[in-house]
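Step one of this worksheet: look at the structure below.
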Amino acid sequence: MTLAESTVPKPMGTGPGDDFIAPETDVAPVDRFREYRRMWATFRRSHSSMAGLFIVILFLLIALIGPWIVPFPEDALGSIHLDRKLQPPNGIHWFGTDEVGMDIYTRVIIGARTTLWIGLTITGLAILIGVPLGLIAGVSNTWIRETIMRITDIFLSIPGLILAVAIVGALGPGILNAMIALSLVWWPGYVRLVQSKVLSVRNETYVEAARSIGASNFRIIFVHILPNCMSPIVVKASMDMGMAILAAASLGFLGLGAQPPYPEWGAMISIGRNYLPDWWWYSLFPGLAIYFTVLGFNLLGDGLRDVLDPKQRS
Amino acid sequence: MQPLLSIRDLSLEFNTFDGTYQAIDRVSLELNPGEALGLVGETGCGKSVLTRAAFGLVPTPPARITSGSVLFNGREILGLSPREQRAMRGRDVALIFQDPMTFINPVFKVGTQLVDAIRAQQLGKVTRKEARDIALNMLDKVQLPNPVRQFESYPHQLSGGMRQRVLIAMALTAEPKLLIADEPTTALDVTIQAQILDLIERLVQDMGISLIMISHDLGVVSQVCSRVAVMYAGQIVEDAPVAQIFDSPAHPYTKGLLAAVPHPFRPEDRLEGIPGSLPNLYNPHSGCRFAERCPLAINRCVEARVAQTEVAPQHMVACIACEGAQIDA
Amino acid sequence: MLESNPPTPMLELENLRVHFPTKSAVVRAVDDISLKLYPGEILGLVGESGSGKSTVGKAALRLIDPTDGKIRINGSDITDASGKDLKPVRTKAQLIFQDPHSSLNPRMTIGKIVAEPLLIHSQLRGSELAETVSKLLGRVGLPSQFLHRYPHELSGGQKQRVAIARALSVDPDMLILDEPTSALDVSVQAQILEFLKELHDERPRMTSLFISHNLAVVRFLCHRIAVMYLGRIVEEGPVEQVFSHPQHPYTKALLSAVPLPQAERNAGRIHLQGDLPSPVDLPSGCAFHPRCPQAAAGKCDKESPIWVTVGASRARCHFAGDVE
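Here it is in structure tokens:
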């Protein structure tokens, strides 16, 4: 068969019938995952994004299998071995031991799980409070928006950590109260973000198109507006994981968060501080753990932003 | 006569995530001094990329010029340093684009920008006062109403048509030899478009400037140009005087394009679209890229490069079906 | 068939006004427009940017609330309808937008986009729904493989076909087409225009309001044309008559400015002075008089012209119908 026979398209629109426009002849097999592969290629080009991803995966892995790989599981929640107290890093105790002889390596590894739990809870609660409020503020035009946004402004104008310290002060020190306090100061950022995104998405033509076919408000909000606001939320959540971990560690350091001997990195640094500089390993290793975890989530967030939401960059 | 601009066998590809996109395929094009050429084609045909690449305005990478040469006034300009290219763009070649706002800085007054542009073009040899006089004179030439007042306005205070006039003034102050106008009226309303087209035609004639008008609209090109080159998927398929293109188009793509355009005063019963869509340019065959949509296609169309044949004086067509044919003009 | 009464218009706009209050003034986007579209008709609504033509289309479907006037669809007044009462309007009349890139939700597949009106207005679900959607795609010339693709994987013309399929899914009697082809290449535009024409041939009751700035396209597709300038209709009539014997000087200028796809250049082009005045501060008398080559001092800048009927068309100009 010659090319002429095989590719000459049929004349189009041969009169009223079912087939008004000649069917597209070029139904190329489409790579369903092309968009994801393109995102991955963009993400992979950046060394810092990849470093962030690696750190975060390592952190999640440690949090997952930590209790099964530590050499001294009994040290996880506190035990006393005064015979081996304040030993410097060595072959048995890789990160050294603390003032009651607990293995610091074990406690840092176990602490990852606490840290992950803290980060997820704070960010998760903040999203649960902030995103619905932002959505409501974005789609309503009345005093509801004004009320939500002004309350948000009030929260944003008070330094978060100081407010959190005040809240923990009222509720009493403890890891649970610290997380509640931080969640309470964390949500306003999401309200602002979601509200401004909703305001721009709701003016898109496809939202107008949905209104013109008679879609209900519920449908417009949850099918057309919210899915198109997800990218910046995901990016912010990733960044906030790191920030929330840092804030929780700060409360722990101040003695308002997790209480010793609970294996929480901030609390460990807080006690280890008293043993500086001679017994440096006591606060150095939990400090490095916080440093790398926060760095990892920030780098990952940056990378995700470049891939998901390039316009936000600048 | 030595041509002002001579593009020979220019090929250009883009490296993208999906592979190498062969945007321009061995294009040759000549422009004589004082000539007004229209470059016509649909989205993705490479008409903008071609002229930008010739004057070093396509960033490399991702683009890569794989073959060809561009002679401007007899001088090879493809390998010039960015500095020399900039100098040439200010002095010898001027460009205006569809959206004037992308070339006017919104935070500076129109006058300030014109004066700065003129002083840069004259390499600082004129004082601000002299540059201001040149600019006002030019604004007068482009018939901007109230030039002295507009001199002190910010770009957003001007209408689209006025902004395009300012941009034309800015482009022509250096009295370039060549003006490249890339869809200069596409964003404007018809009555304003008519004003701008008349203005461009008059200025180009008065100042003896050669013109390349890039457009998707055959009507726009016929108002201003004497010759038209039709591009399809990175190839020039037909190159002929305006009258020939409309009255005796030879290439099947040109014919299809003409049959798709409605005429306001000669209503047709039906419009013929061109069935199919642009070919995949990531891995194209070396023949005619229109072959897949062409009613006259034969095997030979896709096997090797289709050369241009002259079917009438100055009327070149790259189509096997036209080989050896002669059209009476 | 002889009818004593004229048929009920599919769309009737009566003295429609849409004003947008801004901080300092009122923008009169649409100012006292009356239009009737009869079943089977395609009316071209023509004007330059800022003329208010798109606002008319959106107000007719109550996507923008009118400031004053009446809107009737198939005889029923929808000017003050809300909620449930608007539901019939949302199925009877469908809107197609200029830019197919932004009128499709980027997070929905083509199948979901086309199915959405059916999910809202019909009882079809499951395999029945899927079958209907495939049929609709086939009807606009898209293969059913497109069901699972996302809008960004399609070309502009393909996306506009999806938008048309979505509009046709609820079997509307009226389409409001807001520059549906101006973002497309001419060869694709030709296909879409042919499709619309054949759609009308097949369905005698289908009525379209075709909003456009492209006169050639209007001449090809429409039966009647209404020319808008600064929120008002200045001339209205059958396309043949308006194109061959335009009455209003604005229509004449508009027609003379169209770049013709032909070897000969436009002869006798009428140049309009300056730009469109601001719709906040409309000129007195005839709004067109500051740019009008025929304006008569003392008349055009003082008195607002009334409709003058010439043959089958009418124009709002003091000099309409005068022999030149």
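Chains as they are written, first to last, in my numbering: chain U, 1 to 314; chain L, 315 to 643; chain W, 644 to 967. Where a beta carbon is used, it is the ideal one built from N, C-alpha and C, also for glycine. From a predicted model like this one, the values you see are computed outputs, not experimental measurements.
Scan the stretch 449-491 of chain L and note each continuous alpha helix (DSSP H) run of 4 residues or more that stays entirely inside, going in chain order. 461-465, 474-486
Within this structure, are the beta carbons of P682 of chain W and S536 of chain L separated by less than 8 angstroms? no
Per the DSSP calculation, V544 of chain L is bridged to which residue(s)? L:V354, L:E552
Residue closest to D98 of chain U, alpha-carbon to alpha-carbon, out of U:E204, U:D75, U:N177: U:D75
My parser needs the beta strand (DSSP E) runs of 3 or more residues fully inside the stretch 808-841 of chain W; what are they? 817-821
So is P173 of chain U in contact with chain C if we call contact Cβ pairs under 8 angstroms? You won't find chain C in this structure, because its protein chains are U, L and W.
Which ranges does the beta strand (DSSP E) cover as unbroken runs of at least 3 residues, wholly within the stretch 347-432 of chain L, from first to last along the chain? 350-354, 377-386, 407-410
G252 of chain U - containing alpha helix (DSSP H), residue span: 230-253
Could one say the Cβ of A672 of chain W lies closer than 8 angstroms to chain L's Cβ atoms, at least one of them? no
Measuring only the C-alpha atoms, how far is S270 of chain U from I175 of chain U? 14 angstroms
Determine which residues share a DSSP beta bridge with L659 of chain W and list them. W:I676
Name the two residues that bound the continuous alpha helix (DSSP H) containing L873 of chain W. First-last for L873 of chain W: undefined, no H or E at that position.
Residues of chain W with CB under 9 angstroms from N228 of chain U, in chain order? N748, P749, R750
Among U:Q195, U:W187, U:N217, U:V185, which one has its Cα closest to the Cα of R145 of chain U? U:Q195
With DSSP as the reference, identify every bridge partner of R322 of chain L, one or two as the case may be. L:S383
Here's a check: name, in chain order, each residue in its chain whose Cβ is nearer than 8 angstroms to the Cβ of L472 of chain L, leaving out the five neighbours to either side. V424, Q464, V480
If you run the structure through DSSP and keep just helix, strand and coil, what is L295 of chain U? helix
Only counting the same chain, and skipping five residues up and downstream in sequence, which positions put a Cβ closer than 6 angstroms to that of F331 of chain L? none
Is there a Cβ of chain W sitting closer than 8 angstroms to that of S320 of chain L, yes or no? no
Does any residue of chain W bring its CB to less than 8 angstroms from the CB of A209 of chain U? yes
Just to confirm my understanding: we take D454 of chain L, look at its own chain, exclude 5 residues before and 5 after, and list those with CB closer than 8 angstroms. What are they? P461
Looking only at C-alpha atoms, which of U:P232, U:A209, U:P88, U:S140 sits nearest to I104 of chain U? U:P88
Inspect the CB distances between the stretch 233-252 of chain U and the stretch 100-118 of chain U and report whether three or more fall short of 8 angstroms. yes
Give a yes or no on contact between the stretch 564-573 of chain L and the stretch 601-615 of chain L, applying the rule of three or more CB pairs nearer than 8 angstroms. yes
Specify whether the stretch 178-188 of chain U and the stretch 151-165 of chain U touch according to this definition: at least 3 beta carbon pairs, one from each stretch, less than 8 angstroms apart. yes
Please list the partners that A215 of chain U has in chain W, where partner means a Cβ-to-Cβ separation under 8 angstroms. E759, I763
Beta strand (DSSP E) runs contained entirely in the stretch 120-161 of chain U, provided each spans 3 or more residues: none
Comparing C-alpha positions only, which one of L:V551, L:D520, L:I514, L:T500 sits nearest to H530 of chain L? L:T500
Reducing DSSP to helix, strand and coil, say where S988 of chain W ends up. Limits of chain W in this structure are 644 at one end and 967 at the other, which puts residue 988 of chain W out of reach.
So E691 of chain W and D503 of chain L are supposed to be a Cβ contact under 8 angstroms. How far apart are they, rounded? 4 angstroms
Under the assumption that T894 of chain W contacts V870 of chain W (Cβ atoms under 8 angstroms), give the Cβ distance between them as a whole number of angstroms. 5 angstroms
Cβ-based neighbour list, P23 of chain U, same chain, cut-off 6 angstroms, excluding 5 preceding and 5 following: For P23 of chain U, the predicted structure reports a pLDDT of 41, less than 50, and the residue's modelled location is therefore unreliable. The matter cannot be settled from this model.
Classify Q890 of chain W as buried or exposed, calling it buried when 16 or more other Cβ atoms lie within 10 Å of its own Cβ. buried
Can you tell which of L:V542, L:A554, L:E624, L:N597 has its C-alpha closest to the C-alpha of V354 of chain L? L:V542
Helix, strand or coil for G66 of chain U per DSSP? helix
Nonlocal neighbours in the same chain, by C-beta distance under 6 angstroms from G352 of chain L, ignoring five residues either side: M527, V535, C539, V542
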